[in-house]
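Each remark here refers to the structure printed beneath this line.
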Amino acid sequence: MEEVNRNNSQQENIIRSRGCCTVRGSEPNDLFVNQLRCCKLSAHDWLSEYTDSALNSEYNIVEVRFKNGRKDFFTSPKDMVLTKGEIVAVEASPGHDIGIVSLAGELVEIQMRRKHIDPTKKDIKRVFRHARTTDIEKWLEVIEMEDNTMLNSRTIAADLKLDMKINDVEYQGDKTKAVFYYTASDRVDFRELIRKLADSFKVRIEMKQIGVRQEAAKVGGIGPCGRELCCSSYMSNFTSVSTNAARIQQLSLNPQKLAGQCGKLKCCLNYEVDDYIETLQEFPDSSTPLKTKKGKAYYIKSEVFRKIMWYAYAGESNNMMAIPIDKVKFIHQQNKKGIFPAELEEFAEQNTQVDIIDEGNTNDITGYI
Numbered sequence: 097m098e099e100v101n102r103n104n105s106q107q108e109n110i111i112r113s114r115g116c117c118t119v120r121g122s123e124p125n126d127l128f129v130n131q132l133r134c135c136k137l138s139a140h141d142w143l144s145e146y147t148d149s150a151l152n153s154e155y156n157i158v159e160v161r162f163k164n165g166r167k168d169f170f171t172s173p174k175d176m177v178l179t180k181g182e183i184v185a186v187e188a189s190p191g192h193d194i195g196i197v198s199l200a201g202e203l204v205e206i207q208m209r210r211k212h213i214d215p216t217k218k219d220i221k222r223v224f225r226h227a228r229t230t231d232i233e234k235w236l237e238v239i240e241m242e243d244n245t246m247l248n249s250r251t252i253a254a255d256l257k258l259d260m261k262i263n264d265v266e267y268q269g270d271k272t273k274a275v276f277y278y279t280a281s282d283r284v285d286f287r288e289l290i291r292k293l294a295d296s297f298k299v300r301i302e303m304k305q306i307g308v309r310q311e312a313a314k315v316g317g318i319g320p321c322g323r324e325l326c327c328s329s330y331m332s333n334f335t336s337v338s339t340n341a342a343r344i345q346q347l348s349l350n351p352q353k354l355a356g357q358c359g360k361l362k363c364c365l366n367y368e369v370d371d372y373i374e375t376l377q378e379f380p381d382s383s384t385p386l387k388t389k390k391g392k393a394y395y396i397k398s399e400v401f402r403k404i405m406w407y408a409y410a411g412e413s414n415n416m417m418a419i420p421i422d423k424v425k426f427i428h429q430q431n432k433k434g435i436f437p438a439e440l441e442e443f444a445e446q447n448t449q450v451d452i453i454d455e456g457n458t459n460d461i462t463g464y465i
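If you read the sequence shown in the numbering used here, its first letter stands for residue 97, the second for the next number, and so on.
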């Protein structure tokens, strides 16, 4: 009995790499609960319980998921009924591959439209059949081989002194082809490597170069926020990140703090930048000093979402004053009319008190920021 449970647990761990990592809740009617990062392959079918004669219930294209976030669309025979989660044998080049149906029905048409795929113009491959027992057994067998194949291929590449890193290996379901994913900073001549890999593993070899962001998504890890990396947990598309996003959010341009584990700028720099851009449109020009009878005050920094700008008199940078943007605009208007307030302090917000605990004394010391 323990052997059976161990085999079932091992099988569940193996197929997690294919996105099959959902478990039922404690109640029979509970929805599937997503587990681990591979659930970024999942898609919620919000049309599953919607019935309408206008919908084409016989839509014969399904979405199938494979390893490493790879998905593709396949046509199914009209007499074959496919549902989400089924294991199917699909057309590959050459032979056939084994995948898991991730989406079926009318929502597939919407998904294809969102990804700008026209089924009339693109040659869509076919679903051959539901996976047989022999298909699944061979599929699980080749999945178990992937880690050892990757480690051995790294040894072969190191012996050939190739400046490249093999990140992952994906076997085709029928064990006729293996795809090696690698990263390299420069162009690599891996013709000799392909020959040695083919001799060692007795399969057709395909090399695919990926970027460092894709490598981080495959490897995974914990970010400085304490959570799993966004690229490995839910992100399936990468958008470019520029230092301008950090400037807009007034972050320190420190490469060590702005770079993620991939060495590139963190993807999360893009998360709030649109809100910053929209809010900053309400801010007045920060290059114009505020003129008072006491002297000129120059801009130091901003608190964007609080809509506060900090100013200090020339030569008094340690004495900053927080002024709401509506009052800054008012002072600008007064200055244009030749009117100068007596001092800037009358427009500043009250200093915020904070309690500072002296480690050597139990009494509270009140400070200001």
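Ideal Cβ placement from N, Cα and C applies to all residues, glycine included. Note that the coordinates shown come from a computational prediction; the quantities given were computed from them, not determined experimentally.
Beta-carbon proximity list for residue i, same chain, < 8 Å, skipping 5 on both sides
i: Met-260; result: Ala-253, Tyr-278, Thr-279, Ala-280, Val-284 and Phe-286
i: Ala-408; result: Ala-393, Tyr-394, Ile-396, Asn-414, Asn-415, Met-416 and Met-417
i: Val-337; result: Lys-360, Leu-361, Lys-362, Cys-363, Leu-365 and Asn-366
i: Trp-406; result: Tyr-395, Ile-396, Lys-397, Ser-398, Glu-399, Met-416, Met-417, Ala-418 and Ile-419
i: Glu-288; result: Leu-256
i: Ile-421; result: Glu-378, Phe-379, Pro-380, Lys-403, Ile-404 and Met-405
i: Thr-179; result: Val-197 and Ala-200
When the options are compared against residue i, the one with the closest alpha-carbon
i: Glu-205; options: Thr-171, Ile-194 and Pro-190; result: Thr-171
i: Pro-215; options: Asn-156, Arg-309 and Asn-244; result: Asn-156
i: Met-246; options: Leu-236, Ala-274, Gly-269 and Asp-422; result: Ala-274
i: Gly-181; options: Asp-175, Val-160 and Pro-437; result: Val-160
i: Lys-403; options: Lys-304, Pro-385, Lys-390 and Glu-445; result: Glu-445
i: Arg-343; options: Tyr-372, Ala-438 and Gln-352; result: Tyr-372
i: Gln-346; options: Asn-333, Glu-368, Cys-327 and Cys-326; result: Glu-368
i: Asn-340; options: Phe-334, Leu-349, Ser-332 and Asn-333; result: Leu-349
i: Ala-355; options: Leu-325, Asp-175 and Ser-382; result: Leu-325
i: Phe-276; options: Arg-300, Asp-282 and Asp-295; result: Arg-300
i: Lys-304; options: Phe-426, Gly-201 and Arg-166; result: Arg-166
i: Asp-472; options: Phe-401, Lys-353, Glu-302 and Ser-382; result: Outside the modelled stretch of the chain, which goes from 97 to 465, sits residue 472, for which no answer is possible.
i: Phe-297; options: Lys-433, Asn-244, Ile-213 and Ile-196; result: Asn-244
i: Phe-334; options: Lys-353, Ile-306 and Lys-218; result: Ile-306
Per DSSP, cross-strand counterpart(s) of residue i
i: Ala-185; result: Ile-194 and Arg-225
i: Trp-406; result: Lys-397 and Ala-418
i: Ala-274; result: Tyr-267 and Ile-301
i: Gly-391; result: Thr-388
i: Lys-234; result: Per DSSP, none; premise fails for Lys-234.
i: Phe-436; result: None; Phe-436 has no bridge partner.
i: Arg-161; result: Lys-167 and Ile-196
i: Thr-279; result: Lys-261
i: Trp-318; result: Here the sequence assigns Ile to residue 318, which means Trp is not the residue at that position. DSSP, once it has assigned bridges, lists Glu-324 as partnering Ile-318.
i: Leu-376; result: Answer by DSSP bridge pairing: none, since Leu-376 is not bridged.
Anticipated Cβ contact below 8 Å, residue i with residue j, distance rounded
i: Ser-249; j: Leu-293; result: 6 Å
i: Ile-232; j: Ile-183; result: 6 Å
i: Leu-440; j: Thr-388; result: 5 Å
i: Val-315; j: Pro-380; result: Their Cβ separation, rounded to whole angstroms, is 46 Å, which puts Val-315 and Pro-380 out of contact at 8 Å.
Spatial neighbours of residue i in its chain, beta-carbon cut-off 7 Å, leaving aside the 5 residues before and after
i: His-192; result: Ala-185, Val-186, Phe-224, Gly-269 and Asp-270
i: Ala-410; result: Gly-391, Lys-392 and Tyr-394
i: Leu-258; result: Val-284, Phe-286 and Leu-289
Any C-beta of chain C under 8 Å from that of residue i
i: Ile-194; result: Among the chains in the structure shown there is no chain C, since it carries only a single protein chain.
Neighbourhood of residue i by C-beta, 6 Å cutoff - its chain only, sequence neighbours within 5 removed
i: Pro-437; result: Thr-388
i: Asn-431; result: Lys-387
i: His-212; result: none
Stretch-stretch touch, CB-based, cutoff 8 Å, three pairs: the stretch 349-360 with the stretch 374-389: no
Given 8 Å, three or more beta-carbon pairs between the stretch 309-326 and the stretch 263-271: yes
Three CB pairs or more closer than 8 Å across the stretch 186-201 and the stretch 217-232: They touch, by the three-pair rule.
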